[in-house]
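Peer 1: This is the structure I have questions about; it appears just below.
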Amino acid sequence: MGFLDINNAVKAYGAVEVLHQVDISVEEGEFLVLVGPSGCGKSTLLNMIAGLESVTKGTISIKDRVINDVHPSKRNIAMVFQSYALYPNMTVGQNITFGLEMHGTPKPERQAKLADVAKLLQIDHLLDRKPGQLSGGQRQRVAMGRALVRDPDVFLFDEPLSNLDAKLRVDMRTEIKKLHQRLKRTIVYVTHDQIEAMTLSTRIAVMNKGYIQQLGTPKEIYDTPANLFVASFMGSPSMNLIPAVLVADGDQIAARITGFDGQPLLLRLSQNDQTIRNYLDAQVILGIRPEALTDADGADRNARNLQVIRNQVTVTEPAGSDTFVTTVLGGKDCVARMRADADVHPGQPFDFTVNMDKAVIFDPKTEDRIAGRH
Amino acid sequence: MSVATQDSAVRTGRITRTFIYVFLIFFALFYLLPFFVMVINSLKPLGEITGGNMMALPQDWTIQPWLSAWSTAQIGVEATGLKPYFINSILMVVPAVAISTMLGALNGYILTKWTFPGHKILFGLMLFSCFIPFQIVLIPMARVLGELGLSGSTTGLILVHVVYGVGFSTLYFRNYYAAFPTELVRAAMMDGAGFFRIFWRIMLPVSGPIAVVCIIWQFTNIWNDFLFGASFAGLNAMPITVALNNLVQSSTGVKEYNVHFAGAILAALPTLLVYIVAGRYFVRGLMAGSVKG
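Top line first, the protein sequences correspond to chains A and B.
The opening position of the first sequence corresponds to residue 1 in the UniProt record's numbering, with each subsequent residue numbered one higher.
The opening position of the second sequence corresponds to residue 1 in the UniProt record's numbering, with each subsequent residue numbered one higher.
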């Protein structure tokens, strides 16, 4: 049993099931991120943990206590809302201590806790202001202060950064991560931004259409995506998914793909087990991350299976720190991530180095991963 | 076609603007005319009015008609002036406005933040009460008041006005609260605040603009109501609108037009005052939520 247990939880509105058999166990101190496109059920799941939505089937428990029918205020959880939901008529100080006041905490204790939290979040000088007088980042801090002061078992974050501008979002992301490292509290965090998910979490649950597609550490999710949805959703630019046929190459297996002019290209796989052998001569989808498709100098020195393919460059996009190079493989635009000063020119052939250690193979019918790295 | 220069644009702008202002001032004066007539004639001795010229300023200024209208004029059978009826009206309008506004706020809060199956139908039915003509309910209402033992009393009138007013006040508050972020209510819920605490601490403090709209609306309607006052009020609960009618309609003695004018202004004064004090909030509140920012 974990700290927060979601046991086969189902949410249905009438006959429509929006969340199917969700099963997650969160350990104490974990930072779980629920990520997925809009309508995937991640906010519904968070609201079920919060008690703002009922649980149709299954159970949710915190510290082995089933909380399905416990009122939100008695679950010992705190939530940071997307709109911050600060009470407009109260000062920052009153906003933060409102929950304590409602729970009957005596005033001196409230003031002491307020002072602690304000110091932690560096909002001491704002305590007498109204939310309307604060900037977006300050409101965000106040919203977090309101959650922190309650000292809850579980923190719930509902897309807390999506109302901030790009730069502030990155700053606050670091801020939240620091806070988690310092306080070691259990957090469930909802976002549709896969970078937030990757950077913040200790574990990610990728959701789509009411199902958990994959639950794992950021590295597992990134390197061995369970299916095509996870592969294309996580990572930016997203993974190149290239139609290929598996062929025998001596006692190894290779993926045969077509290049820019339709010329066949062979990429020897690192995998060579029975599972993958069952797909010999079959259509598969070869997944290669942009950073595994690069130039010779930029390739991972520790990789054991680097292969070079020559192919035409269609577009180059210098992005400052990297240069993104587009080339056509298997009839699809594929993105390669190269060093900023890589010598690449559009319209000319180039020797791409592919790190096949990182390649993953998917079954096009089931869309599931057949085999990962070895 | 001549080219419009900046100069000519400014010049024609000035001419049109002058024309518009003259036009507007003329109509403003025209609409103020009745009030002017009422004021000057309430400050004249009766002889100057019956002598002929209603439009002339008083030659002999006097506040006697006002004093008479307030405290000594003959209303019905007694010479009490409008004072006791003014007080009746206050005793009726203050609780009626307060209760209907509070109920409206509570209804609006429930209909938007604690919705239940059928809340839309319920709201629709409540809206009906805004459109039912007063005359239809006179007899059923008289019967209800009789059953409750409230016939002829101020309390009975308050009940009637609350019942009639709650439709409008619910409409105002529901639409206002519909734009109020539900996340705030959820946050307060997780903070441990209950139904009434959320209402008192979170919703009401931000309801100022709509409360002003609602209060002005209810105050004006209830204060100006004649039909319910004439139908349901006994002698001791008669509101000022009914008393004013009795003053003007009294068939004994000379018609004291100057006293009638003064009485009419007295009866209109509170609503006028409410408009002057809170009118700008009225416009602002009605617009609230319709435009961003």
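For every residue, glycine included, the Cβ atom is placed at its ideal position computed from N, Cα and C.
1) Is the shortest distance between the beta-carbon of residue 206 (chain B) and the beta-carbons of chain A less than 8 Å?
2) Note down, in chain order, every chain A residue with its Cβ under 7 Å from the Cβ of residue 202 (chain B).
3) Where are the beta strand (DSSP E) runs, 3 residues long or more, that stay fully inside the region 206–272 of chain A, in chain order?
4) Are the beta-carbon atoms belonging to residue 214 (chain A) and residue 230 (chain A) less than 8 Å from one another?
5) Buried or exposed, going by whether 16 or more other CB atoms sit within 10 Å of the CB of residue 55 (chain B)?
6) Count the CB pairs spanning the region 63–75 of chain B and the region 188–195 of chain B that are closer than 8 Å, and state whether there are at least three.
7) For residue 64 (chain B) and residue 73 (chain B), I'd like the C-alpha separation in whole angstroms.
8) Going along chain D, which residues have a C-beta under 7 Å from residue 193 (chain B)?
9) Check whether chain B comes within 8 Å of residue 52 (chain A), counting only Cβ atoms and requiring the distance to be less than that.
10) Determine the direct distance from the alpha carbon of residue 342 (chain A) to that of residue 359 (chain A), and round the result to whole angstroms.
11) Any chance you could list the beta strand (DSSP E) runs of at least 3 consecutive residues sitting entirely within the region 20–56 of chain A, in chain order?
12) Between B:213, B:24, B:23 and B:104, which has its C-alpha nearest residue 167 (chain B)'s C-alpha?
13) Strictly below 8 Å CB to CB, what residues from chain A border residue 197 (chain B)?
14) Count Cβ pairs between the region 207–224 of chain B and the region 107–119 of chain A that sit closer than 8 Å; are there 3 or more?
15) Please return the same chain residues whose Cβ sits closer than 8 Å to the Cβ of residue 280 (chain A), not counting the five positions on each side in sequence.
16) Considering only DSSP beta bridges, list what residue 334 (chain A) is partnered with.
17) Pick helix, strand or coil for residue 158 (chain A), following the three-state DSSP scheme.
18) Return yes when the Cβ of residue 240 (chain B) is within less than 8 Å of the Cβ of residue 342 (chain B), no when it is not.
19) In or out: residue 97 (chain A) buried (at least 16 other Cβ within 10 Å) or exposed?
20) For residue 99 (chain A), return the contacting residues in chain B, with the cut-off set at a CB-CB distance below 7 Å.
21) Buried or exposed: where does residue 94 (chain B) fall if 16 or more other Cβ atoms within 10 Å of its Cβ makes it buried?
22) Strictly below 7 Å CB to CB, what residues from chain B border residue 83 (chain A)?
23) When you compare only the Cα positions, how much space is there between residue 146 (chain B) and residue 92 (chain B)?
24) What are the boundary residues of the alpha helix (DSSP H) that residue 99 (chain A) is part of?
25) Give the C-beta separation of residue 244 (chain B) and residue 267 (chain B) to the nearest angstrom, bearing in mind that I take them to be a contact with Cβ-Cβ under 8 Å.
26) Can you find the residues in the same chain that come closer than 6 Å, C-beta to C-beta, to residue 141 (chain A), ignoring five residues on each side of it along the sequence?
27) Since I believe residue 26 (chain A) is in contact with residue 2 (chain A) (beta carbons under 8 Å), could you give me their beta-carbon distance rounded to a whole number of angstroms?
28) On the premise that residue 160 (chain B) lies in contact with residue 232 (chain B), defined as a C-beta separation below 8 Å, what is that separation, rounded to the nearest angstrom?
29) Once the 5 residues before and after residue 43 (chain B) are set aside, which same chain residues still bring their CB inside 6 Å of it?
30) Report the residues of the region 58–75 of chain A with a CB closer than 9 Å to any CB of chain B, ordered along the chain.
31) Determine the closest residue to residue 192 (chain A) out of A:367, A:39 and A:171, with distance taken between C-alpha atoms.
32) What residue range is occupied by the uninterrupted alpha helix (DSSP H) comprising residue 144 (chain A)?
33) Using the C-alpha atoms, what's the distance from residue 125 (chain B) back to residue 223 (chain A)?
34) Over what stretch of residues does the alpha helix (DSSP H) that includes residue 208 (chain B) continue unbroken?
35) Do you know offhand how far residue 95 (chain A)'s Cα is from residue 126 (chain A)'s?
36) Residue 262 (chain B) touches chain A at which residues, Cβ-Cβ below 8 Å?
Peer 2: Taking the coordinates as given:
1) Residue mapping note: residue 206 (chain B) aligns to position 206 of the second sequence, counting from 1. Output row for residue 206 (chain B): interface = yes.
2) Taking the second sequence and counting its residues from 1, one reaches residue 202 (chain B) at position 202. Per Cβ cutoff of 7 Å: 87.
3) 211–216, 240–249, 252–258 and 264–268
4) For this step, residue 214 (chain A) is matched to residue 214 along the first sequence. For this step, residue 230 (chain A) is matched to residue 230 along the first sequence. A contact, by the Cβ cut-off of 8 Å.
5) Here residue 55 (chain B) refers to the residue found at position 55 when the second sequence is read from its first residue. Exposed, since its Cβ has fewer than 16 Cβ neighbours within 10 Å.
6) no
7) What you label residue 64 (chain B) is simply residue 64 of the second sequence in a count that begins at 1. What you label residue 73 (chain B) is simply residue 73 of the second sequence in a count that begins at 1. Answer to the nearest angstrom: the Cα atoms are 11 Å apart.
8) The structure shown contains no chain D; its protein chains are A and B.
9) As a first step, residue 52 (chain A) must be located in the first sequence, where it is residue number 52. Judged by the 8 Å Cβ criterion, residue 52 (chain A) is in contact with chain B.
10) Translated into positions along the first sequence, residue 359 (chain A) becomes position 359. Translated into positions along the first sequence, residue 342 (chain A) becomes position 342. So the alpha carbons of these two residues sit roughly 22 Å apart.
11) 31–35
12) Reading the second sequence from its first residue, position 167 is the one you call residue 167 (chain B). Checked all of B:213, B:24, B:23 and B:104; the closest Cα to residue 167 (chain B) is B:104.
13) The residue labelled residue 197 (chain B) in the question sits at position 197 within the second sequence. Result: 102.
14) no
15) For the purposes of this step, residue 280 (chain A) is identified with residue 280 of the first sequence, where counting begins at 1. For residue 280 (chain A), where only same-chain residues beyond five positions count, the Cβ hits under 8 Å are 246, 247, 248 and 253.
16) Position 334 of the first sequence, counting from 1, holds the residue named residue 334 (chain A). Answer is A:327, bridged to residue 334 (chain A).
17) Walking along the first sequence from the start, residue 158 (chain A) turns up at place 158. DSSP places residue 158 (chain A) in strand when its eight states are reduced to three.
18) Nothing in the structure corresponds to residue 342 (chain B), since chain B is present only between 1 and 293.
19) By 1-based counting over the first sequence, the position of residue 97 (chain A) is 97. Residue 97 (chain A) should be labelled buried.
20) To locate residue 99 (chain A), count along the first sequence from 1; it is residue 99. Residues of chain B passing the Cβ test: 191 and 192.
21) Translated into the one-based positions of the second sequence, residue 94 (chain B) becomes position 94. It is exposed - the Cβ of residue 94 (chain B) has fewer than 16 other Cβ atoms within 10 Å.
22) On the first sequence, residue 83 (chain A) is found 83 positions in, with the first residue counted as 1. In chain order: 181 and 183.
23) Taking the second sequence and counting its residues from 1, the one referred to as residue 146 (chain B) is at position 146. Taking the second sequence and counting its residues from 1, the one referred to as residue 92 (chain B) is at position 92. Roughly 18 Å between the two C-alpha positions.
24) What you label residue 99 (chain A) is simply residue 99 of the first sequence in a count that begins at 1. Per DSSP, residue 99 (chain A) belongs to the alpha helix (DSSP H) from 92–102.
25) For the purposes of this step, residue 244 (chain B) is taken as residue 244 along the second sequence, with counting starting at 1. For the purposes of this step, residue 267 (chain B) is taken as residue 267 along the second sequence, with counting starting at 1. At roughly 5 Å, the Cβ-Cβ gap stays under 8 Å, so residue 244 (chain B) and residue 267 (chain B) are in contact.
26) What you label residue 141 (chain A) is simply residue 141 of the first sequence in a count that begins at 1. Taken in chain order, the residues that qualify are 121 and 123.
27) Locating residue 2 (chain A) in the first sequence gives position 2, where the first residue counts as 1. Locating residue 26 (chain A) in the first sequence gives position 26, where the first residue counts as 1. Residue 2 (chain A) to residue 26 (chain A), Cβ: 5 Å. Contact.
28) For the purposes of this step, residue 232 (chain B) is taken as the residue at position 232 of the second sequence. For the purposes of this step, residue 160 (chain B) is taken as the residue at position 160 of the second sequence. Their Cβ separation, rounded to whole angstroms, is 6 Å, which keeps residue 232 (chain B) and residue 160 (chain B) in contact under 8 Å.
29) By 1-based counting over the second sequence, the position of residue 43 (chain B) is 43. For residue 43 (chain B), where only same-chain residues beyond five positions count, the Cβ hits under 6 Å are 58 and 61.
30) 71, 72, 73, 74 and 75
31) Counting from one through the first sequence, the residue named residue 192 (chain A) turns up at place 192. The option with the nearest alpha carbon to residue 192 (chain A) is A:39.
32) The residue labelled residue 144 (chain A) in the question sits at position 144 within the first sequence. 136–148 is the span of the alpha helix (DSSP H), which, as asked, contains residue 144 (chain A).
33) Here residue 223 (chain A) corresponds to residue number 223 of the first sequence, with the count starting at 1. Here residue 125 (chain B) corresponds to residue number 125 of the second sequence, with the count starting at 1. Going from the Cα of residue 223 (chain A) to the Cα of residue 125 (chain B) covers about 59 Å.
34) Counting from 1 along the second sequence, the entry for residue 208 (chain B) is found at position 208. Taken as a continuous stretch (DSSP letters only), the alpha helix (DSSP H) holding residue 208 (chain B) covers 208–224.
35) On the first sequence, position 95 is the one that residue 95 (chain A) refers to. On the first sequence, position 126 is the one that residue 126 (chain A) refers to. Each residue's alpha carbon lies about 12 Å from the other.
36) On the second sequence, residue 262 (chain B) is found 262 positions in, with the first residue counted as 1. The premise fails here: residue 262 (chain B) is roughly 44 Å from chain A at the closest Cβ pair, so nothing lies under 8 Å.
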